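The sequence shown begins at 26 in my numbering and counts up one residue at a time. No residue lacks a Cβ here, since even glycine has one placed at the ideal position from N, Cα and C. Model, not experiment: these values are computed from the prediction. Scroll down for the structure; my scribbles are underneath it.
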Amino acid sequence: MKDPRFKPTAIRSPRGARTTEIDWADGHKGVYPHAVLRGYCPCAGCQGHSGEIKFVEPTDAQQELEDITTVGGYALALTWFDGHDSGIYSYKYLRSLCRCAECAAAAPGN
Ligand SMILES: [Zn+2]
Ligand SMILES: [Zn+2]
Numbered sequence: 026m027k028d029p030r031f032k033p034t035a036i037r038s039p040r041g042a043r044t045t046e047i048d049w050a051d052g053h054k055g056v057y058p059h060a061v062l063r064g065y066c067p068c069a070g071c072q073g074h075s076g077e078i079k080f081v082e083p084t085d086a087q088q089e090l091e092d093i094t095t096v097g098g099y100a101l102a103l104t105w106f107d108g109h110d111s112g113i114y115s116y117k118y119l120r121s122l123c124r125c126a127e128c129a130a131a132a133p134g135n
């Protein structure tokens, strides 16, 4: 069972760019500013164990994306230029981080 909303068909993250674009199988064109991706890094080191996802303001250098790899068909692992690579972003989580015009308009307080 593959929900097309949680299945990327293309990932564009040109070196040096500050935004990664992900096309999803349901036709949604996802837009992911690196400040958002890094700030919402889901790893325990960034989020602690409070259970509540919080935004950690990244520095400039922390917004440089070094590498993207897929994990088990359900997530992306992002490696940042500063060596941070413990964040595993499930496709479901990524959909919630989307900042395209449509999603940004729908997200309250954002
Ligand atoms: Zn992290
Ligand atoms: Zn969106």
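Ligand 1 heavy atom lying under 7 Å from the CB of residue i
| i | result |
| --- | --- |
| G70 | yes |
| E109 | The identity of residue 109 in the sequence shown is His, whereas the question assumes Glu. Because some heavy atom of ligand 1 lies under 7 Å away, the Cβ of H109 counts as near it: yes. |
| G76 | no |
Beta-carbon separation (whole angstroms), residue i vs residue j, contact threshold 8 Å
| i | j | result |
| --- | --- | --- |
| A50 | K79 | Contact flag wrong, Cβ pair sits at about 30 Å. |
| P83 | G55 | In fact, because the Cβ distance is near 19 Å, the residues do not count as touching under 8 Å. |
| L119 | L101 | 7 Å |
Spatial distance of residue i from residue j (CA atoms)
| i | j | result |
| --- | --- | --- |
| K117 | A42 | 23 Å |
| L62 | W105 | 10 Å |
| D107 | R40 | 15 Å |
| A86 | E77 | 25 Å |
| P29 | V81 | 30 Å |
| A131 | Y57 | 15 Å |
Any non-hydrogen atom of ligand 2 within 7 Å of residue i CB
| i | result |
| --- | --- |
| C66 | no |
| G55 | yes |
Quick one: any contact between the region 104-119 and the region 68-79, if contact means 3 or more CB pairs under 8 Å? yes
Any 3 or more C-beta pairs closer than 8 Å across the region 121-131 and the region 93-107: no
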